[in-house]
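Visitor: What follows is a structure written as structure tokens; I'll ask about it next.
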């Protein structure tokens with residue numbers, strides 16, 4: 297058995313079923329070995345940002361890691377933005393990066409470059425494999441590192457000769473890591489803060505954004521008269537009818553400051569202390585309200601759900617959470633606007649949908665329009681590196697083949713990872729991509745005003761403008777095998793969305809929704 | 297004057313006229329400042345790999361640096377593959393990477409990541425700007441570093457507060473670096489080797505691949521009875537009628553080994569010692585013929601052209617170079633094949649063309665078919681990180697607006713940086729993209745055989761296959777505003793190519809050319 301075969305068998309034994317791959321010559325033995333291990337399936341992406349982003353989407357939904365297969369340093373470079381978002385989502389990923397054969401590196405061949413510094417910048421786990429005999433164990437260690445709470449990108453650097461070398465050994469899976477319980481004293485101290493009568497707010501992140509966390513947090517907030525928020529960009533947020541509708545902390549500092557105004561006790565449950573996404577001249581970066589005491593109920597790696605349950609028992613015994621009743625907005629009509637398109641989505645959102653949300657400025661009203669829709673998951677832009685929406689949708693669909701995936705996708709962001717559509721067509725995934733086509737980097741128009749830079753000049757404005765030429769995403773999608781259409785009115789949008797949801801396989805709707813700004 | 301304004305004025309003063317940009321919030325003051333400095337023009341790319349690759353193509357043709365503008369660590373990550381190729385091409389680039397404001401970094405906001413390790417892995421020059429007052433001087437230092445022979449990627453990390461801070465100072469341009477002359481003794485020693493009567497070969501790289509170097513090398517080879525080759529992937533190779541037709545060293549080790557067989561003196565003129573692109577089980581990585589003595593006439597940073605001229609004077613006084621006569625292949629007819637499509641190109645290649653060549657396996661016969669065509673430049677895949685062809689074409693066209701650019705582009709490689717087409721449409725550049733659409737990673741089919749991995753399995757074969765669905769590049773191009781068509785025969789191809797060359801602006805031809813393998 298060669299190294300590659302032992303690696304894939306060991307990964308499969310540890311529960312890794314999928315490998316999102318964009319291989320090159322140095323990975324050919326890994327690719328060949330996939331035929332020996334039917335327990336692992338290779339899914340081809342045409343660009344490493346798609347591969348890594350799909351592994352992120354898969355991990356968020358499957359709650360276990362997929363592997364990637366990347367080609368040397370440049371392949372890892374192409375994946376870095378997606379891996380950055382995965383890092384910020386704490387998604388478990390076994391990130392396999394092929395490298396030149398060990399004896400070949402000294403020759404500084406054209407594709408030679410430093411891999412470790414890139415991998416290490418992800419602040420996860422990095423190991424270079426040194427021998428075929430150890431490779432199976434390296435793979436199992438990578439799975440353990442990836443899944444150890446709170447989850448991370450574990451990078452395995454795989455020289456070609458280690459892949460093709462003989463003497464591979466299959467390694468036994470390692471026991472899964474568990475979340476550390478929160479100390480009773482911590483629960484008590486947070487309970488005291490909630491009972492103090494001073495204004496308090498809970499901020500939920502990570503596992504607390506799932507059903508159990510939301511229910512406990514809502515009950516606690518009701519009992520204590522506290523506010524409760526979800527972090528701005530949750531990796532996976534459950535919402536819809538029958539769940540508490542908990543507002544997300546705003547993206548802009550002014551919004552978050554207003555939401556948290558007057559709070560004296562800020563209680564973090566799996567979330568980090570709120571900070572401004574960007575700095576702005578003369579404005580604070582730390583959004584903790586002045587004078588507020590910050591209580592960490594549970595950090596991301598701890599048993600957040602258990603801590604919320606204990607806290608609920610302590611302060612909210614007998615108090616019910618507030619559940620959102622089922623409701624849909626009225627179907628709007630006429631030309632699409634930044635306001636009305638979300639209502640069409642709210643009317644039609646199917647049962648058990650997964651929303652991959654990179655709608656940016658165009659998505660402002662989606663949370664309201666879909667609050668009472670059937671239960672669904674929202675996967676948000678955790679790390680702010682745009683180009684996430686399409687690959688994450690691609691991976692999520694593969695993790696949950698029975699569930700409809702809706703990708704709310706800004707036009708500018710779509711172009712970083714547009715070849716995701718080809719993988720969606722190849723996999724015949726049930727993904728409906730809704731392009732919010734406003735022909736602008738609208739967020740940057742807003743941001744330019746906010747940072748105080750003059751909006752006036754034509755040279756500056758041109759760099760935020762995508763209208764010349766206007767992209768036709770329907771054509772682009774059809775070119776990659778995804779049926780598509782362009783819509784301008786609510787009626788057209790509703791008709792196309794309904795059909796896309798009903799028909800199996802991927803679809804794209806290029807929705808001409810004007811920019812907010 | 298704020299920092300950004302002083303930076304752009306200082307860069308423009310040092311001759312940097314172009315900024316290929318994909319900005320974000322932290323770069324808004326830089327963007328706004330472009331309106332104050334009309335000497336620098338911003339060119340928008342929809343993905344950082346396009347931005348950096350365009351800067352590479354621009355630098356290779358303009359022989360001076362463009363600036364980039366990238367958004368934080370993830371933006372630099374997206375640019376890494378293109379910057380890797382630029383590094384291997386020794387292209388001067390002033391690589392501006394925006395960062396969070398200095399005081400904001402401590403908060404580890406979502407987009408925070410390590411920038412320096414990525415930039416440093418490019419083995420060029422890296423500086424983090426610390427104050428608006430020093431920023432102009434930092435910019436000038438970056439230009440000096442980028443252009444100091446042999447040329448490199450100079451990365452300037454630009455925190456947002458340094459951009460928006462007051463007190464910017466315009467810095468005077470620094471004197472240009474020059475190439476060190478080669479010692480007389482070195483010339484003498486190489487001349488002795490050439491006169492020894494033992495088999496010798498010259499290997500040309502870098503500046504030696506331009507007219508003066510090729511002419512001198514051809515005369516030397518003629519006088520000494522030596523072989524002469526060009527490095528496998530030259531950054532810029534001049535060729536065509538009236539120039540010596542010098543064979544490139546083969547990509548596959550077997551080819552290069554055969555070309556260099558029996559050589560006792562290998563003379564490097566701006567090139568590195570030949571090594572195998574990848575390692576293969578049981579095959580050598582070092583392609584220097586056994587027992588051959590390697591003579592470095594001039595390294596990449598030295599005055600290669602001067603050294604070749606001196607050597608020619610020493611050993612080839614009165615000997616003429618061999619000039620290729622003007623000739624075109626006969627126009628082929630019928631279905632396109634891997635063999636005949638290159639002849640269509642050879643028949644129609646216009647005067648003064650720039651070929652951005654990422655044709656990979658499909659391009660095997662292009663050098664023969666175009667050897668006697670009108671003089672042209674070829675820009676090759678220097679670093680092996682695929683996705684280079686389209687962005688390099690984009691930048692080359694902007695550097696030479698009067699010259700027709702022909703991008704020979706493999707289908708798989710095209711998908712890494714496909715949004716280049718949008719920038720081409722926006723800039724109305726005279727670029728004809730010829731997609732060699734064989735619906736496969738054909739190079740990997742070859743490589744899988746060569747590395748000894750079994751080609752047999754369907755799982756492995758599927759990861760090298762792009763036929764399900766087959767991409768329609770004409771639709772994709774039209775979706776980005778580039779007129780396009782699909783062709784299957786030599787007649788259709790010739791007609792479309794002729795029209796694309798004649799009509800201003802970009803065009804794409806999706807040529808269904810079957811795979812070699």
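Residue numbers (the working numbering), protein chains in the order written: chain Y, 297 to 813; chain A, 297 to 813. Here a beta-carbon is modelled for each residue, glycine too, at the ideal position from N, C-alpha and C.
1. With 8 Å as the threshold, decide whether the Cβ of residue 400/Y is near any Cβ in chain A.
2. Taking only the alpha-carbon atoms, compute the straight-line gap between residue 589/Y and residue 560/Y and give it to the nearest angstrom.
3. From residue 739/Y to residue 351/A, what distance separates their C-alpha atoms?
4. Beta carbons nearer than 8 Å to chain Y: which residues of the region 311–325 of chain A have them?
5. Could you tell me whether the Cβ of residue 718/Y comes closer than 8 Å to any Cβ of chain A?
6. Since residue 770/A and residue 726/A are thought to touch, with beta carbons under 8 Å apart, how far apart are those beta carbons, to the nearest angstrom?
7. Is residue 302/A helix, strand or coil when you go by DSSP?
8. Just checking: is the beta-carbon of residue 547/A within a distance shorter than 8 Å of some beta-carbon in chain Y?
9. Give a yes or no on whether the C-beta atoms belonging to residue 661/A and residue 809/A are separated by under 8 Å.
10. Quick check: the Cα distance between residue 472/Y and residue 361/Y, rounded to an integer number of angstroms?
11. In whole angstroms, what is the alpha-carbon distance linking residue 393/Y and residue 596/Y?
12. Are the C-beta of residue 460/A and some C-beta of chain Y separated by less than 8 Å?
13. Could you tell me the distance, in whole angstroms, from the CA atom of residue 612/A to the CA atom of residue 514/A?
14. Ends of the beta strand (DSSP E) at residue 451/Y?
15. Taking the alpha helix (DSSP H) that residue 592/Y falls in, what are its first and last residues?
16. Can you check whether the CB of residue 656/A is closer than 8 Å to the CB of residue 709/A?
17. If contact is defined by three or more beta carbon pairs under 8 Å, each pair taking one atom from either stretch, is the region 666–675 of chain A in contact with the region 754–767 of chain A?
18. Please list, in chain order, the chain A residues whose beta carbon lies closer than 8 Å to that of residue 384/Y.
19. Would residue 616/Y be called buried (16 or more neighbouring beta carbons within 10 Å of its own) or exposed?
20. Look up residue 780/A in the DSSP assignment and give the residues it is bridged to.
21. Is DSSP giving residue 775/Y helix, strand or coil here?
22. For residue 297/A, return the contacting residues in chain Y, with the cut-off set at a CB-CB distance below 8 Å.
23. Return helix, strand or coil for residue 497/A, following the three-state DSSP convention.
24. I'd like to know if residue 604/A contacts chain Y, where contact means its C-beta is closer than 8 Å to some C-beta of that chain.
25. Starting from residue 774/Y, find everything on chain A with Cβ-Cβ shorter than 9 Å and list it in chain order.
26. Check whether the Cβ atoms of residue 455/A and residue 363/A lie closer than 8 Å to each other.
27. Do we get a CB-CB distance below 8 Å when we pair residue 327/A with the residues of chain Y?
28. Give me the DSSP bridge partner(s) of residue 607/Y.
29. Closer than 8 Å by beta-carbon distance: list the chain A residues that pair up with residue 396/Y, in chain order.
30. By a C-beta neighbour count over all protein chains shown, 10 Å radius and 16 as the cutoff for buried, is residue 497/A buried or exposed?
31. Where do the ends of the alpha helix (DSSP H) carrying residue 345/A lie?
32. If I measure Cβ to Cβ from residue 318/A and keep anything under 6 Å in the same chain, skipping five residues before and after, which residues do I get?
33. Please report the distance separating the alpha-carbon of residue 379/Y from that of residue 410/Y.
34. Any idea what DSSP makes of residue 402/Y, helix, strand or coil?
35. Between which two residues does the alpha helix (DSSP H) harbouring residue 380/Y extend?
36. Closest to residue 579/A by CA distance: which of 645/A, 587/A and 553/A is it?
Guide: Judging by the given coordinates:
1. Interface residue, yes.
2. Each residue's CA atom was taken as its position, placing residue 589/Y and residue 560/Y some 6 Å apart.
3. Cα to Cα, the separation comes out at about 26 Å.
4. Those residues of the region 311–325 of chain A that come within reach of chain Y (Cβ to Cβ, closer than 8 Å) are 317, 319, 320, 321, 322, 324 and 325.
5. Answer yes: the Cβ-Cβ gap between residue 718/Y and chain A drops below 8 Å somewhere.
6. The Cβ separation is near 19 Å, so there is no contact.
7. Three-state result, residue 302/A: helix.
8. No, no contact with chain Y.
9. No, the pair does not count as a contact, with Cβ atoms beyond the cut-off.
10. Just so you know, the alpha carbons of residue 472/Y and residue 361/Y end up roughly 12 Å apart.
11. Each residue's alpha carbon lies about 27 Å from the other.
12. So yes, residue 460/A belongs to the interface.
13. Going by the C-alpha atoms only, they are around 10 Å apart.
14. First-last of the beta strand (DSSP E) with residue 451/Y: 449–455.
15. Premise fails: residue 592/Y lies in the beta strand (DSSP E), 589–594, not in any alpha helix (DSSP H).
16. Going by C-beta atoms, residue 709/A is nearer than 8 Å to residue 656/A.
17. Short answer: they don't touch.
18. Residues of chain A passing the Cβ test: 406.
19. Exposed, by the Cβ-count rule.
20. Per DSSP, 804/A.
21. DSSP places residue 775/Y in helix when its eight states are reduced to three.
22. The premise fails here: residue 297/A is roughly 14 Å from chain Y at the closest Cβ pair, so nothing lies under 8 Å.
23. Judged by DSSP in its simplified three-state form, residue 497/A adopts strand.
24. It does not: the Cβ of residue 604/A has no partner Cβ on chain Y nearer than 8 Å.
25. Within chain A, 768, 771, 772 and 775 have C-beta atoms less than 9 Å from the C-beta of residue 774/Y, given in sequence order.
26. Not in contact: residue 455/A and residue 363/A (Cβ atoms no closer than 8 Å).
27. Output row for residue 327/A: interface = yes.
28. Residue pairing for residue 607/Y: DSSP places it in no beta bridge.
29. Under the 8 Å cutoff, chain A gives 574 and 575.
30. Under this definition residue 497/A is a buried residue.
31. Taken as a continuous stretch (DSSP letters only), the alpha helix (DSSP H) holding residue 345/A covers 344–358.
32. Closer than 6 Å at Cβ, skipping near neighbours: 341, 344 and 347.
33. A direct Cα-Cα distance of roughly 17 Å separates residue 379/Y from residue 410/Y.
34. If DSSP states are grouped into helix, strand and coil, residue 402/Y belongs with the helices.
35. Here the alpha helix (DSSP H) through residue 380/Y covers 368–385.
36. It is 553/A whose Cα lies nearest to the Cα of residue 579/A.
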